[in-house]
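To start, the structure itself, in structure tokens.
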Amino acid sequence: MDDIVVQVLIMLVQVVVLVLAISTGFAYLTLFERRLLARMQNRVGPNRAGPGGFLQPAADAVKLFFKEDVIPTLVDRGVYLLAPALAVIPALLIWAVIPFGCLNIAGDYQACFADPATNPNLHNIFQLADIDIGVLYLLAITSIGVYGITLAGWASNSKYAMLGGIRASAQLISYELALSSAVLAAVMMAGTLSTHEVIYQQMTMWFVIPQLLGFVLFLISGTAELVRAPFDLVEAEQELTSGYNAEYGSMKFALFFMSEYIKMIAISAIAVTLYLGGWNAPGLELLGSLMTGMAGPLVGSIAVGLASFLVFLVKVVLILFLFVWMRASWPRVRYDKLMYMGWKWLLPLALLNVAMTAVFVVVLPDALIHSVALFVASLVVMAVAYVVSSRVKPAPSRSRIKMVQPEVPRRPSS
Amino acid sequence: MFGELLKGLQTTLRYMFRPPVTVQYPDVKRPVRERFRGRHELKRFANGQERCIGCSLCSAACPADAILVVPAENNLEQPTSPGERYAATYEINMLRCIFCGYCEDACPTNAIVLEHQYELSFYDRQTSIYTKDMLLVPPDQGHGEIPPILTQLGDKRPSPPAQIDL
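Protein chains in written order, with the working numbering: chain R, 1 to 414; chain F, 1001 to 1166.
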């Protein structure tokens, strides 16, 4: 009885700390993005509030809190009010299964690096729930977020918001397939859906090497899933003012903003977990044994926990840097091209990757050999895709308006 | 196509390591040009007397009708300015002023000069009217001698040319 109470209490503390940490992470991601973007555009960026702009997120939050909370007259009131929550809650839920470190409070760092199947003595407080279907859960929860966006667009009763919402749902549903297929191949490599076990399987080699194609596909479709540049058609300012959140203001807008950025961190964390070895880095185990030898098993496991969290953070920030970098560099894709790419390139390539992985894993049982084979195959497939895509003519316009060549009168030849 | 994408990434990355072109304004103030036309100043002669003789030519020249001059007779014992009259009231509405510098051109004694101060902002319209106290330079910052034509009080004197060469 007491044991259960203690466990529930620990769980509650974990949840509260996690949600607060993610909200802070979101706040500082906005600052990170704004400053980085500014530097890439030869500007300084927000640096007035606090040293180096450190308090800018707080200033933004205060400003948004004190904005007047307007509900337009003609909106569908219930759905309108519910939509921001529907957007932000799944974004927070994603984090339940992501291991962002490994701190075994049982006081034995070795459990982090041991085979989870034979060593159940792991109580990692840096992961909320290590469920057997972790990756499936991730895919399911990331997809639910589209409801918030669609309903926001629909309930706003405005054509801009409506078009933004429709675009968003079409885009998310299209890229969901490529994303899941890319993830599927990584899961096949690991042979498990548990996120902790996926990381354990990458102790010898990160999946980014055998799953190079999958990683690239994951990044592309992940960017589309986040509706970020260059796939941010949903908020194409020129055509749609700001898309599905055009009718939202004050904290309700902030919630949409928050869900987008939390999802951005989450997709980065998923990429790190599935492809870049998660919280693990070479040398962590050595650190654990050194600290255990010097100061006992508890200190050892805490040291490993903090170091692994740091490693995870560095990897996530690298991926976030990539997202911001892409936003600074590339223009927006045209809408039909986006659909064209999603259905005609990413999905077939992802399916090919799944087939390839399945065949190689079964035919070549040795992990190292099939990893190298898959790496080579990935490179070949990408090269072929590049050559083919640069030769394919663009799809013919289906517009009914025919472009007519003006007739140039010919000069009679003498 | 991928080459172009990489080129874009490369460009932004290169720019990231360049110093920003931003001038951080309230901290760093770039010097203005010599002939920059900023806020007006009412000048003085070297002996501390005001240059303005209350002729209202600046007011007449002003295309925006921003200047108000109310002249008054000088007290002969303690003259405010050389000559017969001085400006009892001198006001410029900075919301109307277009900083064209015509007042400067019109002034026969070079009393009004557009200087380099450009931070002109107000919380209400009343404070946008700059009075004589605000425009006048301190008494110890005068320059130049009084031209003789302004000291020939009461004599029969020729009418002054439009611009006295001071």
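Backbone N, C-alpha and C define an ideal beta-carbon position, used for all residues, glycine too.
Just the chain R side, please: which residues come within less than 7 Å of residue i by C-beta, in chain order?
{"i": "glutamine 1024 of chain F", "result": "Val44"}
{"i": "leucine 1009 of chain F", "result": "Trp325 and Ser329"}
{"i": "valine 1005 of chain F", "result": "In the sequence on display, residue 1005 of chain F carries leucine and not valine. Those are Trp330, listed as they occur along chain R."}
{"i": "threonine 1089 of chain F", "result": "Those within 7 Å of threonine 1089 of chain F in chain R number zero; the least Cβ separation is about 41 Å."}
Which residue's Cα is closest to the Cα of residue i: the options?
{"i": "threonine 30 of chain R", "options": "R:Met40, R:Pro46 and R:Asp132", "result": "R:Pro46"}
{"i": "cysteine 1100 of chain F", "options": "F:Cys1062, F:His1116 and F:Ser1056", "result": "F:Cys1062"}
{"i": "alanine 61 of chain R", "options": "R:Gly283, R:Met326, R:Val381 and R:Met251", "result": "R:Met251"}
{"i": "phenylalanine 26 of chain R", "options": "R:Ala91, R:Ala85 and R:Ser156", "result": "R:Ala91"}
{"i": "leucine 217 of chain R", "options": "R:Leu351, R:Gln56 and R:Arg48", "result": "R:Leu351"}
{"i": "methionine 205 of chain R", "options": "R:Gly278, R:Ser259 and R:Phe257", "result": "R:Gly278"}
{"i": "phenylalanine 257 of chain R", "options": "R:Ile4, R:Pro57, R:Leu122 and R:Ile133", "result": "R:Pro57"}
{"i": "tyrosine 1102 of chain F", "options": "F:Leu1114, F:Glu1091, F:Asp1124 and F:Pro1071", "result": "F:Leu1114"}
{"i": "serine 158 of chain R", "options": "R:Pro72, R:Ala266, R:Arg228 and R:Leu81", "result": "R:Pro72"}
{"i": "asparagine 1093 of chain F", "options": "F:Arg1014, F:Leu1135, F:Leu1150 and F:Leu1013", "result": "F:Leu1135"}
{"i": "threonine 357 of chain R", "options": "R:Val311, R:Ser378 and R:Pro348", "result": "R:Ser378"}
{"i": "valine 380 of chain R", "options": "R:Ala269, R:Val408, R:Leu349 and R:Gly165", "result": "R:Leu349"}
{"i": "alanine 49 of chain R", "options": "R:Arg39, R:Lys63 and R:Leu37", "result": "R:Lys63"}
{"i": "alanine 85 of chain R", "options": "R:Ala161, R:Pro409, R:Tyr137 and R:Leu255", "result": "R:Leu255"}
{"i": "valine 198 of chain R", "options": "R:Ala385, R:Tyr275, R:Ile302 and R:Arg167", "result": "R:Tyr275"}
{"i": "leucine 1042 of chain F", "options": "F:Phe1017, F:Ala1087, F:Gln1078 and F:Gln1126", "result": "F:Ala1087"}
{"i": "leucine 122 of chain R", "options": "R:His196, R:Gly293, R:Phe207 and R:Gly53", "result": "R:His196"}
{"i": "methionine 264 of chain R", "options": "R:Val387, R:Met40 and R:Thr142", "result": "R:Thr142"}
{"i": "aspartate 1140 of chain F", "options": "F:Ile1112, F:Asn1047 and F:Glu1077", "result": "F:Asn1047"}
{"i": "asparagine 353 of chain R", "options": "R:Tyr335, R:Pro365 and R:Ala373", "result": "R:Ala373"}
{"i": "tryptophan 325 of chain R", "options": "F:Gln1010, F:Cys1107 and F:Pro1138", "result": "F:Gln1010"}
{"i": "glutamine 1078 of chain F", "options": "F:Glu1050, F:Cys1107 and F:Arg1018", "result": "F:Glu1050"}
{"i": "leucine 1057 of chain F", "options": "F:Ala1111, F:Ile1149 and F:Asn1075", "result": "F:Ala1111"}
{"i": "arginine 1018 of chain F", "options": "R:Leu36, R:Val16, R:Asp2 and R:Ile4", "result": "R:Leu36"}
{"i": "arginine 1039 of chain F", "options": "F:Ile1149, F:Ala1066 and F:Glu1004", "result": "F:Ala1066"}
{"i": "tyrosine 386 of chain R", "options": "R:Pro409, R:Leu213, R:Met189 and R:Pro116", "result": "R:Leu213"}
{"i": "arginine 327 of chain R", "options": "R:Ser390, R:Ala383, R:Ala185 and R:Ala38", "result": "R:Ala38"}
{"i": "alanine 185 of chain R", "options": "R:Val208, R:Tyr200 and R:Gln171", "result": "R:Val208"}
{"i": "glycine 293 of chain R", "options": "R:Val44, R:Phe54, R:Tyr200 and R:Tyr109", "result": "R:Tyr109"}
List the residues of chain R that residue i touches, going by C-beta distances under 8 Å, in chain order.
{"i": "valine 1021 of chain F", "result": "Asn42 and Arg43"}
{"i": "threonine 1080 of chain F", "result": "Within 8 Å Cβ-Cβ: nothing; threonine 1080 of chain F doesn't reach chain R, min ~46 Å."}
{"i": "methionine 1016 of chain F", "result": "Leu36, Arg39 and Met40"}
{"i": "leucine 1076 of chain F", "result": "Simply none; closest approach about 57 Å."}
On the DSSP bridge assignment, give the partners of residue i in chain order.
{"i": "proline 365 of chain R", "result": "Answer by DSSP bridge pairing: none, since proline 365 of chain R is not bridged."}
{"i": "proline 1071 of chain F", "result": "F:Ala1087"}
{"i": "isoleucine 1092 of chain F", "result": "F:Ile1067 and F:Tyr1130"}
{"i": "valine 1113 of chain F", "result": "F:Glu1041"}
{"i": "leucine 416 of chain R", "result": "Missing from the structure shown is residue 416 of chain R; chain R here goes from 1 to 414 and no further."}
{"i": "asparagine 280 of chain R", "result": "DSSP lists no partner for asparagine 280 of chain R."}
{"i": "leucine 1136 of chain F", "result": "F:Leu1042"}
{"i": "asparagine 104 of chain R", "result": "R:Asn124"}
{"i": "glutamate 1050 of chain F", "result": "F:Arg1044"}
Identify the contact partners of residue i in chain F, using a Cβ-Cβ distance below 7 Å as the criterion.
{"i": "tyrosine 80 of chain R", "result": "By Cβ distance, chain F contributes nothing, its closest Cβ being about 38 Å from tyrosine 80 of chain R, past 7 Å."}
CB-CB under 6 Å to residue i, same chain, minus the five flanking residues each way: which ones, in chain order?
{"i": "tyrosine 175 of chain R", "result": "Ser221, Ala224, Glu225 and Gly342"}
{"i": "glycine 153 of chain R", "result": "Ala161, Met162, Gly164, Gly165 and Tyr244"}
{"i": "phenylalanine 113 of chain R", "result": "Glu285"}
{"i": "methionine 1016 of chain F", "result": "none"}
{"i": "valine 311 of chain R", "result": "Trp279 and Ala281"}
{"i": "alanine 266 of chain R", "result": "Ile94"}
{"i": "phenylalanine 54 of chain R", "result": "none"}
Tell me which residues share the same chain as residue i and place their Cβ nearer than 7 Å to its Cβ, disregarding the 5 neighbours each side in the sequence.
{"i": "threonine 1151 of chain F", "result": "Pro1082"}
{"i": "alanine 59 of chain R", "result": "Ala49"}
{"i": "glutamate 299 of chain R", "result": "First, the residue type needs correcting, since residue 299 of chain R is valine and not glutamate in the sequence shown. The residues are Met291."}
{"i": "glycine 418 of chain R", "result": "Beyond the ends of chain R as shown, which are 1 and 414, falls residue 418 of chain R; an answer cannot be given."}
{"i": "valine 187 of chain R", "result": "Val135 and Leu193"}
{"i": "isoleucine 1129 of chain F", "result": "Glu1091 and Asn1093"}
{"i": "lysine 67 of chain R", "result": "Gly249 and Ser250"}
{"i": "isoleucine 332 of chain R", "result": "The displayed chain sequence assigns arginine, not isoleucine, to residue 332 of chain R. Closer than 7 Å at the Cβ level, and outside the excluded window around arginine 332 of chain R, lie Ala229, Pro230, Asp232, Leu233 and Ala236."}
{"i": "arginine 1037 of chain F", "result": "Phe1099, Gly1101 and Leu1114"}
{"i": "alanine 1064 of chain F", "result": "Arg1096, Cys1097 and Ile1098"}
{"i": "aspartate 76 of chain R", "result": "Ala155 and Asn157"}
Tell me which same chain residues have a C-beta within less than 8 Å of the C-beta of residue i, skipping the five on either side of it?
{"i": "tyrosine 434 of chain R", "result": "No statement about residue 434 of chain R is possible, as the shown extent of chain R runs from 1 to 414 and does not include it."}
{"i": "alanine 168 of chain R", "result": "Val146, Ile149, Thr150, Gly153, Val227, Val234, Gly243 and Tyr244"}
Name the chain R residues whose beta carbon is nearer than 9 Å to that of residue i?
{"i": "threonine 1151 of chain F", "result": "Ordered by position in chain R, no residue passes the 9 Å Cβ test against threonine 1151 of chain F, which lies about 56 Å from the chain."}
Interface residues of the segment 309-333 of chain R facing chain F [CB-CB below 7 Å]: Cβ contacts with chain F: Trp325, Ala328, Ser329 and Trp330.
Interfacial residues, the segment 248-275 of chain R to chain F, with Cβ spacing under 7 Å: Flagged: no residues at all.
Can you pull out the residues from the segment 330-358 of chain R whose beta carbon lies closer than 8 Å to at least one beta carbon of chain F? Taking 8 Å as the Cβ-Cβ cut-off against chain F, the residues of the segment 330-358 of chain R that qualify are Trp330.
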